[in-house]
Amino acid sequence: MTVKNIFVYGTGTMGRGIAQAAAQAGFEVYFCNEIFPEEVELSIAMIKKGLDKRVQMGKMNEEEANEVIGRIIPAIDIEDSKNADFIIETIIEDVKIKQEAFKKLEKYSKSHVVLASNTTSCSITEIASVLENPSRVIGFHFFNPAHIMKLLEIMPGLYTEDNIIEQARDVALKLGKDPVVTKREAPAGLTSRVLAGLLNEAVWVLHEGIASVEDIDKAIVLGCNHKIGPLALIDLIGVDIHLAKTKMLYNKTGDSRYRPCYLLEQMVTAGYLGKKSGKGFYDYTQEKIVSLKFII
6 MTVKNIFVYG TGTMGRGIAQ AAAQAGFEVY FCNEIFPEEV ELSIAMIKKG LDKRVQMGKM
66 NEEEANEVIG RIIPAIDIED SKNADFIIET IIEDVKIKQE AFKKLEKYSK SHVVLASNTT
126 SCSITEIASV LENPSRVIGF HFFNPAHIMK LLEIMPGLYT EDNIIEQARD VALKLGKDPV
186 VTKREAPAGL TSRVLAGLLN EAVWVLHEGI ASVEDIDKAI VLGCNHKIGP LALIDLIGVD
246 IHLAKTKMLY NKTGDSRYRP CYLLEQMVTA GYLGKKSGKG FYDYTQEKIV SLKFII
C-alpha cells in the first residue's frame with residue numbers, strides 16, 4: 006500500500022519533530038491531541054518558528070517552509086485517524102494510557118494500517134495485547150530532534166507480522182531515515198538501552214563528587230569523540246524521561262547498571278527537567294549556558 010498521509014498522535018517534543026519530519030518528506034500529516042486540543046496549533050506554531058529560522062539561515066527558502074507547514078493538518082479528534090495510511094503514536098510513556106489510545110486507533114483506522122508507537126520504555130507486546138488484531142502494532146522509535154536525527158529504530162513485538170515490519174521500514178526510508186530493525190522486543194530496545202547505562206553512570210560519577218558537570222561532559226566529548234556530553238544529553242532528552250527509563254530498565258532487568266541515582270529524583274522534584282524547563286544539569290535561562298552547582 007502506498008502511504009500518502011500519516012496520523013501523528015501526540016504534540017509534545019517528539020510529536021512535533023515527527024510531524025515536521027513527515028511533512029518535510031512530502032507526507033500529508035494529521036497532527037492530533039484530543040486531550041489538550043489547544044496544543045495542536047501551538048505546536049504547529051513552534052514548528053513554523055523553527056522553519057522560519059532555517060529560512061533565515063539559508064537552509065531552505067520561504068516557499069519550501071510554507072509548503073511544509075501547509076502539509077500539517079490540525080486534528081483534535083482521534084477519529085480523524087480514519088483517513089490515515091500510517092499511524093504514529095507519541096504520547097506519555099504509560100502503558101495503560103497507550104493501550105487505551107491504541108484501542109481507539111484500532112477502532113477508527115483502516116484495518117490494514119500500521120499502528121506504530123514511538124515508545125522507548127513500554128512493551129510493544131503489552132500495548133498490542135488489548136487489541137482485536139495485535140499484529141498491526143510495532144515500535145517506531147525516533148531520536149530527538151526527530152526531524153534531524155537519521156536513526157529510526159524499528160522493534161516488532163511478539164504479535165507483529167512480517168509485512169508490518171516491511172511497511173514500517175519502507176515508511177522510515179521515505180522519511181529519509183536510516184532504520185535499524187531489532188530481531189526481537191527488549192526493554193528500551195537497542196540504542197536507548199546501551200545509552201541508558203552510559204548516562205546513568207555519568208550521573209553517579211557526579212553524585213559521588215568525582216568530577217564536575219562540565220568536566221564529565223568534556224571528558225566524554227573529547228575522550229570518546231561524542232558530539233555531546235552525557236549530562237547535557239540528559240538535559241536534552243529530559244531528566245524526567247531519563248529517570249523513568251532507568252527505573253523501567255532496573256525493574257525489568259534487575260541490573261544494577263540501571264539503578265537510578267537519587268540525584269535524578271531530587272532534580273525532578275525541584276522541576277529541573279532539563280532544557281524544556283530551563284534548568285537541568287545546566288541553566289539555560291542565562292545569556293551564556295552554565296552548569297548548576299550540585300551539593301553532593
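The working numbering numbers the first residue of the sequence shown as 6 and each following residue consecutively.
Just so it is clear, CB atoms sit at the ideal spot from N, CA and C, and this is done for glycine as well.
- Comparing alpha-carbon positions, the option among V295, P79, E213 and M154 lying closest to C266 turns out to be E213.
- In the displayed model, K284 falls within a strand according to three-state DSSP.
- Rounded to the nearest whole angstrom, the C-alpha separation of D220 and K298 is 13 Å.
- Cβ-Cβ distances below 6 Å link K252 to P265 in the same chain, with the five nearest sequence neighbours on each side left out; the list follows chain order.
- E84 and K179 have their C-alpha atoms spaced approximately 25 Å apart.
- The Cβ-Cβ distance between V100 and S140 does not fall below 9 Å.
- Shortest Cα-Cα distance from P42 to any of T16, G20 and G22 involves T16.
- In the DSSP assignment, E158 falls within the beta strand (DSSP E) that extends over L156 to P161.
- For a cut-off of 8 Å, the C-beta gap from R76 to V34 is around 6 Å, short enough to register as a contact.
- By the CB criterion at 9 Å, T95 and M19 fall inside the cutoff.
- For C37, there is no enclosing alpha helix (DSSP H); the residue is found in the beta strand (DSSP E) stretching over E33 to C37.
- The beta carbon of A106 sits closer than 8 Å to those of Y14, I83, E94 and I96, all from its chain and outside the five residues before and after it, given in chain order.
- Residue burial annotation: D183 is exposed, with fewer than 16 other C-beta atoms found within 10 angstroms of its C-beta.
- Secondary-structure assignment with DSSP links P79 through a beta bridge to F36.
- Around the beta carbon of S116, a 10 Å sphere encloses fewer than 16 other beta carbons of the protein chains shown; the residue is thus reported as exposed.
- Around the Cβ of R21, a 10 Å sphere holds 16 or more other Cβ atoms; the residue is buried.
- DSSP, read as helix, strand or coil, puts E190 in coil.
- In this structure, V73 is the residue among V60, V8, V73 and M65 with its C-alpha nearest to the C-alpha of A26.
- Per DSSP, reduced to three states, the secondary structure at P235 is helical.
- Around the C-beta of Q172, 16 or more other C-beta atoms lie within 10 Å, and the residue is accordingly described as buried.
- Around the beta-carbon of C229, fewer than 16 other beta-carbon atoms lie within 10 Å, marking it exposed.
- V244 is positioned such that its CB atom lies closer than 9 Å to that of Y277.
- In the DSSP assignment, A121 falls outside any alpha helix (DSSP H) and lies within the beta strand (DSSP E) extending over V119 to S122.
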